[in-house]
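A.B. asks: One structure is given below, represented as structure tokens, and several questions about it will come after.
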Amino acid sequence: MAEVLPIVDAHVHLWNPEQFSMPWLADVPLLNRPYGLQDYREQTQGLPIKAIVYVEVGVEPQESLREAQYVADLAREETRLQAIVAAAPVEHGAAVREHLESLLAISPFIKGVRRNLQDETEPDFCLRPDFVAGVRLLAQYNLSFDLCIKHWQLPGVIELVRRCPDTAFILDHLGKPGIKQRQLNPWQADLRKLAELPNIVCKISGIVTEADHESWQPADLEPFVNVALDAFGEERVLFGSDWPVDLLASPYRRWYETLEALTAHLSLPARRKLWAENAQRFYRMNR
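Take the sequence shown: its position 197, counted from the start at 1, is 1025 in the working numbering, and no numbers get skipped.
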């Protein structure tokens, strides 16, 4: 029987639409309700989750510092919440300094930031000079940058990562490939090119929602997972759930068990890295 390994869930959302304005939830009835720590605990019951990374949830920009404070307060209640990826308007260039300093004053658990790119229609939005300048600044504050994109945005992101060699990046959800369409190309070529850059790692997270929500099978995900494992290697892949967004396509446990099966062929040290150690190192967890 395979050893049950400790888990660091590197991509968790917690929200209450009554507390924060999240306009994007209006179109997603299943998600348009509070999802808090107690829900997460119930839905992960029995799984060996030893740490959690909170990732910003798309609140209105003027509420992003309040969101960070809210999550920092939650971390006092839930000792497994050991890292926070907060929202930051890096497109403001040098002017984002004030925001970053405000974030770091809130909590030492703030380890990275995210400025969601997936809904930007301009292919090279992330290459605007101010955006690049803002992302470069993150290195001065020892903050990483989470990349939430769709697969067609990978070419621009490759160039962004290349232009910001001192910033640590993490690709969320494999770059959201076209799994439902079984569209491996050009995603896999772009992903391999991105993985050649030394300052980026990859979350194996959020991919069930890129498959057919009703009928996906592990075999649908397998080629995409295998490409990521091969491209990034065992030192640069992290597990994440993308809970509760993953509920659109799968209960938590089904996604966990699917990835466990798809990575069972890896060595024990490689699986330890995927499930916990890489996330602990990348997000600098020390609690």
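Cβ atoms here follow ideal geometry from the backbone N, Cα and C, with glycine treated the same way. Quantities reported herein were computed from a predicted structural model and do not represent experimental measurements.
Under the DSSP definition of a beta bridge, which residues are partnered with Ile998?
C.D. replies: By DSSP's assignment, Ile998 forms a beta bridge with Asp974 and Val1029.
A.B. asks: Put Asp837 into one of helix, strand or coil per three-state DSSP.
C.D. replies: Here Asp837 sits in strand by DSSP.
A.B. asks: Rounded to the nearest angstrom, what separates Gln890 and Pro862 at their Cα positions?
C.D. replies: 20 angstroms
A.B. asks: What is the C-beta distance between Leu1183 and Val1029, in whole angstroms, given that I count them as a contact (C-beta under 8 angstroms)?
C.D. replies: The displayed coordinates of the chain run from 829 to 1115. Any statement about residue 1183 would go beyond what the structure contains.
A.B. asks: Let me know if Thr872 comes out buried or exposed under the rule of 16 or more other beta-carbons within 10 Å of its beta-carbon.
C.D. replies: buried
A.B. asks: For the 8 angstroms Cβ check, are there 3 or more pairs between the region 1088 to 1095 and the region 975 to 990?
C.D. replies: no
A.B. asks: For Gly1061, write down the residues that DSSP places opposite it in a beta bridge.
C.D. replies: Answer by DSSP bridge pairing: none, since Gly1061 is not bridged.
A.B. asks: Considering just the uninterrupted stretch of the alpha helix (DSSP H) at Gly1006, what are its terminal residues?
C.D. replies: No alpha helix (DSSP H) holds Gly1006; DSSP gives it neither H nor E.
A.B. asks: Using the Cα positions of Val1121 and Glu884, report the straight-line distance between them to the nearest angstrom.
C.D. replies: Absent from the structure is residue 1121, since the part of the chain shown begins at 829 and ends at 1115.
A.B. asks: Do Gly1068 and Lys1031 come within 8 angstroms of each other at the CB atom, strictly closer than that value?
C.D. replies: yes
A.B. asks: Starting from Val795, follow the beta strand (DSSP E) in both directions and report where the run begins and ends.
C.D. replies: The structure shown does not extend to residue 795, since the chain is modelled only from 829 to 1115, so the question has no answer here.
A.B. asks: How long is the line joining the alpha carbons of Gln1011 and Leu1022, rounded to whole angstroms?
C.D. replies: Counting only the Cα atoms, Leu1022 lies some 18 angstroms from Gln1011.
A.B. asks: In the DSSP output, what is Val913 paired with across the bridge?
C.D. replies: Val883 and Gly940
A.B. asks: So, for Ile977: in the same chain, excluding its five sequence neighbours on each side, which residues have a beta-carbon less than 7 angstroms away from its beta-carbon?
C.D. replies: Leu945, Gln946, Val985, Gly1003 and Lys1004
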